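Data first, discussion second: the structure below is written as structure tokens.
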Amino acid sequence: MPPEEKAASRNFIQQIIDADLAAGKNDGRVHTRFPPEPNGYLHIGHAKSICLNSALAREYDGKFNLRFDDTNPAKEEQEYVDAITDDIRWLGADWEDRLFFASDYFDQLYAWAVQLVEAGKAYVCQLDAEQMREYRGTLTEPGKPSPYRERPPAENLALLEQMKAGEFPDGSHTLRAKIDMASPNLNLRDPVMYRIKRAHHHRTGDRWCIYPSYDFTHGQSDSIEGITHSICTLEFENHRPLYDWFCQSLGIHHPQQIEFARLNLTYTVMSKRLLLQLVNEKHVAGWDDPRMLTIRGLRRRGYTPSAIRAFCERIGVAKANSTIDMAWLEDAIREDLNEHAPRAMGVLRPLKVVIENYPAGQVEQLEAANHPQKPEMGTRQIPFSREIYVEQDDFMEDAPKKFFRLSVGREVRLRYAYFITCTDLVKDSDGNIVELRCTYDPATKGGNAPDGRKVKGTIHWVSAPHAVNASVRLYDHLFAVEEPGKAPAGGTFLDNLNPNSLELLADAQLEPALRDAEPGSQFQFERNGYFFVDPVDSKPGKPVFNRTATLRDSWTKNELS
RNA sequence: UGGGGGAUAGUUUAAUGGUAGAACUGCGGACUCUGACUCCGUUAGUCUAGGUUCGAAUCCUAGUCCCCCAGCCA
-12 MPPEEKAASR NFIQQIIDAD LAAGKNDGRV HTRFPPEPNG YLHIGHAKSI
38 CLNSALAREY DGKFNLRFDD TNPAKEEQEY VDAITDDIRW LGADWEDRLF
88 FASDYFDQLY AWAVQLVEAG KAYVCQLDAE QMREYRGTLT EPGKPSPYRE
138 RPPAENLALL EQMKAGEFPD GSHTLRAKID MASPNLNLRD PVMYRIKRAH
188 HHRTGDRWCI YPSYDFTHGQ SDSIEGITHS ICTLEFENHR PLYDWFCQSL
238 GIHHPQQIEF ARLNLTYTVM SKRLLLQLVN EKHVAGWDDP RMLTIRGLRR
288 RGYTPSAIRA FCERIGVAKA NSTIDMAWLE DAIREDLNEH APRAMGVLRP
338 LKVVIENYPA GQVEQLEAAN HPQKPEMGTR QIPFSREIYV EQDDFMEDAP
388 KKFFRLSVGR EVRLRYAYFI TCTDLVKDSD GNIVELRCTY DPATKGGNAP
438 DGRKVKGTIH WVSAPHAVNA SVRLYDHLFA VEEPGKAPAG GTFLDNLNPN
488 SLELLADAQL EPALRDAEPG SQFQFERNGY FFVDPVDSKP GKPVFNRTAT
538 LRDSWTKNEL S
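With our numbering applied, the first sequence closes on residue 548, and no number is skipped along the way.
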């Protein structure tokens, strides 16, 4: 279909906004926000929300805020604030000068609480946590009113002041909205607006001993900031009536809450609790372990912001729960890196090859393209000599006919170098192949035969005396099953861990230019995959590589089937 | 067994009463100095049963299945 005929497909949120704009709501403004709680690290699921909110603002020429929902000092820390802002900036979402904290609004929130008390819409309750649960009722039975529900406003006001002044112990009093104890929506059964909690807040210090609840904070914070569309995940759908109730009761700007389905991915878990457990119990090296789908983990794995953004765009947004195939994420990073990563040669599991008819001590510099499809990325020189390394997988003693690599009597091309023919192999006393003997054809320099003969296979190699010895980490899915969250009978999700998710290669041999690879830079090791120079563990002259993704491999795949 | 949401190829997602389309995956092939990339082809779908209509994924009725809610977490 010609592009001009193809109407851009609109997701349900865009359709809502289109309709709002057409109806003249919000004076034509679109203003979104991302509201993380600073109690953990961001993961790929948050990236979906960040990309969604910031992309919407950009698309409609609107604004995007970053606001920390920091109403629970017991769990929140400055460390997380720093990590989260850093990750969001890295992702490329721009909140300009609009970085806010719900705690910035504590005074206003308190004033609004007073307003509701005076209006007879809120009261101080002295039920303890357990009693409150009993009074709340169940899913099928209505709750019953708290004995403190009918306290007159003046009394409530005095009590609230005392709560704020620190005259009561933690947990002894709450401020509750007076809504409907019989509502089928339990969130409306007089929800808590303020609780007493003596904890040091990362921003307000010890100024407060009472803290507002999520429900009494979120909508009003959106309102203060002039948010037009407050986009959150599905589990808050049941809270929307409350969101609306507070905005209406207070008579303030009323943003529209819209819920979408959170991201799920195969072969991973996404809940903060499980992620935390993986870190605490040291099943991974930390929040930035490259196998973690935290933003920090993805960064260290070598994922790029644009790949993550492309992924988030592609997966779409809807209200139906879904689980995206991990292959989509891998596809996104391959697409980006295939385009941008310079090529290099690296032998992961070396097998020594001696080219018997190549003069000992001779070294030639051969020219190699940095990107076969992009000449503008230039070329580099690679040394060639009598002894080289090739990949162990590129030799097979009893090779099937369609194995287009090395075997005794077979000829292959060494990429950018010569055709070589394997003549013999050397084994150690245990029968392991330790060396190959080959001959080369001097006429094929550069990789082409003047007589026009073809070879089916081209393999990568590294000159042994020039090679850089490096450690390389091969990463695979952290979990071995598609739905690791589902624990096997009698076990936990940990039983689903993939025992082979990390393979350490201490003896990889790389082409010499890689010795000084810049930490944080990326390469495609031809025929192997995309690799990222680890910014933490690399030392000058001693790079450490993390495999970001493999290349697609239709050969191995066929063999396995 | 209360309330709120949801259901379109294997997986995501379009089509908003008018030819069910795309991407990822799978499979087959072409190309190739990366068994990569690229290109071509191909399998495969409207939860079920009724109804309205010339015409239904879309509207109506009745079911089925899945998710969320009983924190002083967010």
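All C-beta atoms in this analysis are idealised placements derived from N, C-alpha and C, irrespective of residue type, glycine included. None of these values were measured; they are calculated from a predicted model.
Under the three-state DSSP convention, the category E(-8) falls into: Taking the first sequence and counting its residues from 1, the one referred to as residue -8 is at position 5. For E(-8), the predicted model reports a pLDDT of 38, less than 50, meaning its position is unreliable; a value from the coordinates is still stated below. The answer is helix: DSSP assigns E(-8) an H, G or I state.
Which one of Y92, G27, S36 has the shortest CA to CA distance from T58? Numbered from its first residue, the first sequence carries residue 58 at position 71. T58 has its Cα closest to that of Y92, out of Y92, G27, S36.
Looking at the secondary structure, which residues open and close the beta strand (DSSP E) in which F512 lies? Position 525 of the first sequence, counted from the first residue, corresponds to residue 512. From DSSP, the beta strand (DSSP E) with F512 extends over 509 to 512.
Can you tell me the Cα-Cα spacing of K389 and D381, whole angstroms? Along the first sequence, one-based indexing puts residue 389 at 402. Along the first sequence, one-based indexing puts residue 381 at 394. If I take the Cα positions, the gap works out to 13 Å.
Under the DSSP definition of a beta bridge, which residues are partnered with T408? Working through the first sequence from its first residue, we reach residue 408 at position 421. Bridge partners of T408: E398, T426.
Please name the residue in K259, S450, G365 whose C-alpha comes closest to that of V341. For the purposes of this step, residue 341 is identified with residue 354 of the first sequence, where counting begins at 1. When each option's Cα is compared against that of V341, the closest is S450.
Please go through the region 141 to 207 and give each complete beta strand (DSSP E) segment of 3 or more residues, from N-terminal end onward. 161 to 164, 179 to 183, 197 to 199
Going by alpha carbons, who is nearest to T426 out of L146, Q244, V399? Within the first sequence, the letter at position 439 stands for residue 426. Nearest C-alpha to T426: V399.
Beta strand (DSSP E) runs wholly inside the region 74 to 132, at least 3 long, in chain order: 86 to 88, 109 to 112
Are at least three pairs of beta-carbons, each pair with one atom in the region 371 to 381 and one in the region 331 to 338, less than 8 Å apart? yes
Tell me the DSSP secondary structure of G433 in three-state form. Within the first sequence, numbered from 1, the residue matching residue 433 stands at position 446. Helix, per DSSP.
Thinking just about the alpha-carbon of each residue, which of A80, H226, V442 is nearest to the one in A42? Locating residue 42 in the first sequence gives position 55, counting from the first residue. Ranking the options by Cα distance to A42, first place goes to A80.
Do the region 276 to 293 and the region 43 to 56 touch if we need at least three Cβ pairs shorter than 8 Å? no
Just mark L501 as buried or exposed, buried being the case when its beta carbon has 16 or more other beta carbons within 10 Å. To locate residue 501, count along the first sequence from 1; it is residue 514. Flag for L501 reads buried.
So for H447, helix, strand or coil by DSSP? Mapped onto the first sequence, residue 447 falls at position 460. Note: H447 maps to coil in three-state DSSP.
Assign T125 to one of two classes, buried (16 or more other C-beta atoms within 10 Å of its C-beta) or exposed (fewer than that). The residue you call residue 125 lines up with position 138 of the first sequence. Exposed.
Per DSSP, Y28 is paired with what? One-based indexing of the first sequence puts residue 28 at position 41. Y28 pairs with nothing; no bridge assigned.
C-alpha distance - T445 paired with Q352, whole-angstrom precision: On the first sequence, position 458 is the one that residue 445 refers to. On the first sequence, position 365 is the one that residue 352 refers to. Using only the alpha carbons, I get a separation of about 19 Å.
Looking only at its chain, what residues have a beta carbon closer than 6 Å to the beta carbon of F203, apart from the 5 residues adjacent to it on each side? The residue labelled residue 203 in the question sits at position 216 within the first sequence. Only M180 meet the Cβ criterion.
Q368 to A347, Cα distance in whole Å? Against the first sequence, residue 368 aligns to sequence position 381. Against the first sequence, residue 347 aligns to sequence position 360. Distance between the alpha carbons of Q368 and A347 is about 20 Å.
What is the residue span of the beta strand (DSSP E) that A576 lies within? A query on residue 576 cannot be resolved here, the shown segment of the chain reaching from -12 to 548 and no further.
Taking 9 Å as the cut-off, decide whether the C-beta atoms of V442 and F406 are in contact. For the purposes of this step, residue 442 is taken as the residue at position 455 of the first sequence. For the purposes of this step, residue 406 is taken as the residue at position 419 of the first sequence. A contact, by the Cβ cut-off of 9 Å.
Jot down the residue ranges of each uninterrupted alpha helix (DSSP H) in the region 513 to 548, minimum 4 residues, whole runs only, in chain order. 541 to 547
Under 9 Å between the Cβ atoms of R539 and R330? Stepping through the first sequence from its first residue, residue 539 is reached at position 552. Stepping through the first sequence from its first residue, residue 330 is reached at position 343. No; because the gap between Cβ atoms is not below 9 Å, this pair is not in contact.
Simplified DSSP assignment, three categories, for N308: Taking the first residue of the first sequence as position 1, residue 308 is located at position 321. It is coil, neither helix nor strand.
Buried or exposed for N13, please, with buried defined as at least 16 other CB atoms from any protein chain shown within 10 angstroms of its CB. Within the first sequence, residue 13 is the residue found at index 26, counting from 1. The residue in question, N13, is buried, as its Cβ has 16 or more Cβ neighbours within 10 Å.
Let's test the definition: count the other Cβ atoms within 10 Å of the Cβ of F518 and tell me whether it reaches 16, buried, or not, exposed. Within the first sequence, the letter at position 531 stands for residue 518. Buried is the call here.
Measure the CB-CB distance between K151 and A61 and report whether it falls below 9 Å. For this step, residue 151 is matched to residue 164 along the first sequence. For this step, residue 61 is matched to residue 74 along the first sequence. Their beta carbons are not under 9 Å apart, which means K151 does not touch A61 by this criterion.
Give, in chain order, every unbroken run of the beta strand (DSSP E) that is at least 3 residues long and sits entirely within the region 14 to 63. 18 to 21, 50 to 55
Among D524, R260, A495, whose alpha-carbon lies nearest the alpha-carbon of P506? For the purposes of this step, residue 506 is taken as the residue at position 519 of the first sequence. Closest option to P506, Cα to Cα, is D524.
Could you give the distance in angstroms between the alpha-carbon of A9 and the alpha-carbon of H187? Here the question's residue 9 lines up with position 22 in the first sequence. Here the question's residue 187 lines up with position 200 in the first sequence. Rounded to the nearest angstrom, the two C-alpha atoms are 47 Å apart.
Given that a residue counts as buried once 16 or more other Cβ atoms are within 10 Å of its Cβ, and exposed if not, what is G32? Numbered from 1 along the first sequence, position 45 holds the residue referred to as residue 32. Classification for G32: buried.
By a C-beta neighbour count over all protein chains shown, 10 Å radius and 16 as the cutoff for buried, is D275 buried or exposed? Numbered from its first residue, the first sequence carries residue 275 at position 288. The residue in question, D275, is buried, as its Cβ has 16 or more Cβ neighbours within 10 Å.
Is T215 buried or exposed, if buried means 16 or more other CB atoms sit within 10 Å of its CB? Residue 215 sits at position 228 when you count from the first residue of the first sequence. Flag for T215 reads buried.
Please give the ranges of any beta strand (DSSP E) in the region 303 to 356, keeping only runs that are unbroken, at least 3 residues long and fully inside the region. 337 to 342, 351 to 356
List the endpoints of the continuous alpha helix (DSSP H) containing A457. The residue you call residue 457 lines up with position 470 of the first sequence. From DSSP, A457 is part of no alpha helix (DSSP H) but of the beta strand (DSSP E) over 455 to 462.
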